Each structure stands twice: as C-alpha cells, then as structure tokens.
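Asks:
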Amino acid sequence: MDDSDHNAAQQRQIASKARAWIVRLSSGQISREELQRFYAWRELSPAHRRAFEHERTFWQQLSQIGDGDRMASPTAPLWSRRRFLWGSAAAAVVMAATPSLWQWSQQDFSTAAGQQARIRLPDGSDALLNTDSAIALDFSAERRRVRLLHGEALFQTAVSAASPFEVMALGGVIDSAAAAAFAVTALDEMATVRVTDGQVRVAAAADAVTLSARQQTHYRTAQAPAQATPFKLTELAWRERRVIFEGRPLAGALAELGRYLPEKVVLRARAAGAVPVSGVFAIDRALSAMTALARTQGLSVRRVPGLLLIIA
Numbered sequence: 002m003d004d005s006d007h008n009a010a011q012q013r014q015i016a017s018k019a020r021a022w023i024v025r026l027s028s029g030q031i032s033r034e035e036l037q038r039f040y041a042w043r044e045l046s047p048a049h050r051r052a053f054e055h056e057r058t059f060w061q062q063l064s065q066i067g068d069g070d071r072m073a074s075p076t077a078p079l080w081s082r083r084r085f086l087w088g089s090a091a092a093a094v095v096m097a098a099t100p101s102l103w104q105w106s107q108q109d110f111s112t113a114a115g116q117q118a119r120i121r122l123p124d125g126s127d128a129l130l131n132t133d134s135a136i137a138l139d140f141s142a143e144r145r146r147v148r149l150l151h152g153e154a155l156f157q158t159a160v161s162a163a164s165p166f167e168v169m170a171l172g173g174v175i176d177s178a179a180a181a182a183f184a185v186t187a188l189d190e191m192a193t194v195r196v197t198d199g200q201v202r203v204a205a206a207a208d209a210v211t212l213s214a215r216q217q218t219h220y221r222t223a224q225a226p227a228q229a230t231p232f233k234l235t236e237l238a239w240r241e242r243r244v245i246f247e248g249r250p251l252a253g254a255l256a257e258l259g260r261y262l263p264e265k266v267v268l269r270a271r272a273a274g275a276v277p278v279s280g281v282f283a284i285d286r287a288l289s290a291m292t293a294l295a296r297t298q299g300l301s302v303r304r305v306p307g308l309l310l311i312i313a
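For the sequence shown, our numbering begins at 2 and goes up steadily by one.
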C-alpha cells in the first residue's frame with residue numbers, strides 16, 4: 002500500500018468514527034463520560050474536527066425544504082442537531098421542527114411543541130428544556146457555557162472551581178459561580194431569568210443585576226436588565242407539566258397554552274382578550290384547556306391541524 006492509499010484508508014477510518022459519534026450523540030442516551038470522550042476525540046487533531054464538521058454539514062442541504070408543523074409526544078426522544086444528518090431521520094425531524102432551519106443548525110438539543118426533556122450536561126449540571134426550546138453547548142476545561150437559542154430551560158448547576166456556569170440568551174449572560182437553580186426564558190425578543198436557589202448574575206447591555214432565590218429580572222435584546230423583583234413559583238409550574246393562571250388576561254393565557262401546541266393561535270374576539278381568567282391546567286391537554294377558557298367567554302375554537310387555532 003502506497004502513501005496515498007494509506008492516507009485514504011486513514012481518512013475513511015476517521016470519517017467512519019465521526020459518523021459513529023454522530024449516531025451515538027443523536028441517540029439522546031449518551032452519558033457524561035461518553036460526551037467527554039467525544040470532546041477528547043474531536044480535539045485530538047484537526048482531521049477529526051474536519052471530519053466531524055463534514056459529516057454534520059449534510060443537514061445544510063435541507064435548507065430549501067422549509068419548516069414543518071407536527072406536535073411531538075411529551076415522551077418523545079430528545080432530538081439533537083446530529084440526527085439531522087441521516088436520510089429519513091433528517092426528513093422526519095424537519096417535519097417535526099418548529100424553529101427555522103438556521104436555528105436548528107446551531108443547536109445541540111431541542112424539544113418540539115408539547116415536549117420536555119432533561120439533559121445531563123458535560124460538567125454534571127442538569128438542564129430541563131420546556132416546550133419548543135433549543136440549546137447549544139460550549140464546554141471545555143476552561144469554559145462552561147450554554148446558549149439558549151429560543152424557548153425556556155431550567156438549569157441546576159454543578160459546582161466547579163475552574164469556571165462559572167454561563168447561560169447566554171438574547172445578547173445577555175447569566176452566570177453563577179456556585180451551585181444554583183434558575184430558569185431562563187427567551188421568547189419574542191424578551192429574556193426572563195428566575196432564580197429558585199442560590200445566586201446568579203445577569204449582565205446585558207453593559208449593565209448587570211444580581212438575583213437571589215425567588216427573584217427575577219427581564220431584559221430585551223440590546224437593553225439592560227430590569228431591577229430584581231419577587232416572583233411566584235407558580236410561574237414555573239411547567240416543571241410539573243402544568244400551567245397556573247391567576248387573573249391572567251385571556252389573550253395571555255391562550256398564548257401561553259399555545260406554546261404547547263404546533264398551531265399558531267389567532268384570537269379574533271379582541272375585547273374578550275382583556276378578561277382575566279384563572280385555573281390550573283395540564284399542558285398535556287393544552288387544546289382542551291384552551292377550549293374550556295374560550296367557552297367561558299362564549300367563544301369557540303376552530304382548528305386547522307398543524308397551522309392555526311382560530312378563537313372567535
């Protein structure tokens with residue numbers, strides 16, 4: 002075997018290993034130790050990084066396909082971006098995807114409408130993704146960073162003397178040097194941070210605020226965070242797959258329930274949207290809850306599956 006044959010065989014072996022890692026990473030069952038081994042393999046040589054990136058770029062060919070709309074089961078497997086690289090699986094995921102394809106290119110883990118997923122991060126921290134959410138990971142010996150691309154996630158951080166735990170959302174940075182539990186929401190150009198345990202610092206637009214347990218803040222893209230204020234734990238009832246409304250305007254309640262469904266919610270009776278409503282609802286029955294709330298105002302819900310929920 003001459004040098005060219007040897008190099009070709011070596012490249013095929015590296016490519017095969019890259020594909021094997023993609024298959025394992027996409028399973029949603031990878032352990033912390035395996036993930037660390039993957040990072041070590043990828044950083045072993047530029048050839049490994051190139052092979053992995055080459056295998057991953059297949060999904061770019063899907064950019065002309067467009068988005069789909071289909072509700073995922075709340076117990077469906079967690080999808081990662083690597084699963085996009087495989088033929089029929091790629092097509093199935095595109096059909097289930099709700100964010101735009103460019104967002105899918107960035108993410109490591111995501112959930113579809115109605116789905117939640119718990120993820121063990123490389124440092125031992127935990128992330129709980131709520132409906133229609135996506136995160137990207139950036140972990141190394143010097144850095145522990147998660148980017149919340151869209152949606153909502155609850156983080157339970159592990160202690161590390163090497164680096165603080167960081168979450169980036171809409172241009173802001175939320176970090177904790179000690180163990181903490183906090184939720185970050187990034188929706189409609191607004192980020193909200195709520196702390197349930199420990200202490201975190203929220204920095205955005207050259208300003209910062211420190212939050213303790215049971216405190217929250219919010220900020221818009223390119224704007225400074227608001228002052229810390231208290232919040233009710235009912236705001237995080239989604240952790241138990243519930244939503245709780247206490248005098249919430251009907252329009253806001255319908256929008257919140259709509260996050261757990263694949264269709265866009267259209268409220269035509271605008272006057273009714275300001276009426277306050279209350280109740281406790283299971284997110285697994287979001288459509289039934291929406292119908293019940295609509296009926297309290299003499300409204301009905303017409304569903305165009307996968308497209309619209311018209312309330313009039």
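Idealized CB from N, CA, C, for every residue including glycine. Just so it is clear, the structure is predicted and the values come from calculations on it, not from any experiment.
For residue 169, which of 284, 193, 160 has the nearest alpha-carbon?
Replies: 193
Asks: Quick one: give me the first and last residue of the alpha helix (DSSP H) that residue 240 is part of.
Replies: Run containing residue 240: none; DSSP gives neither H nor E here.
Asks: Under the criterion of a Cβ to heavy atom distance below 7 angstroms, does residue 229 qualify as lining the ligand GTP?
Replies: This structure does not include the ligand GTP; it has no bound ligands of any sort.
Asks: Considering only their Cβ atoms, is the gap separating residue 197 from residue 209 smaller than 8 angstroms?
Replies: no
Asks: Please specify which runs of the alpha helix (DSSP H), each continuous and at least 4 residues long, are wholly inside the stretch 202 to 277, giving them in chain order.
Replies: You should have 251 to 259.
Asks: With a cut-off of 8 angstroms, do at least 3 Cβ pairs link the stretch 250 to 259 to the stretch 270 to 283?
Replies: yes
Asks: Take residue 280 and list the residues in its own chain whose beta-carbon comes closer than 6 angstroms to its own, dropping the five residues that flank it on each side.
Replies: 246
Asks: Between the stretch 216 to 225 and the stretch 132 to 139, are three or more C-beta pairs nearer than 8 angstroms?
Replies: no
Asks: Report yes if the C-beta distance between residue 293 and residue 301 is below 8 angstroms; otherwise report no.
Replies: Not a contact, by the Cβ cut-off of 8 angstroms.
Asks: Where DSSP assigns a beta bridge to residue 115, which residues make up the other side?
Replies: Residue pairing by DSSP places residue 115 opposite no residue, since no beta bridge is assigned to it.
Asks: Is the stretch 253 to 265 close to the stretch 227 to 237, with three or more CB pairs under 8 angstroms?
Replies: no
Asks: According to DSSP, which residues form a beta bridge with residue 151?
Replies: 135
Asks: Based on DSSP bridge pairs, tell me the residues matched to residue 309.
Replies: 265, 305
Asks: What are the partner residues of residue 291, as DSSP defines its beta bridges?
Replies: In DSSP, residue 291 forms no bridge with anything.
Asks: Report, in whole angstroms, the separation of the C-beta atoms of residue 290 and residue 282, which I expect to be a contact under 8 angstroms.
Replies: 4 angstroms
Asks: Between which two residues does the beta strand (DSSP E) containing residue 195 stretch?
Replies: 191 to 198
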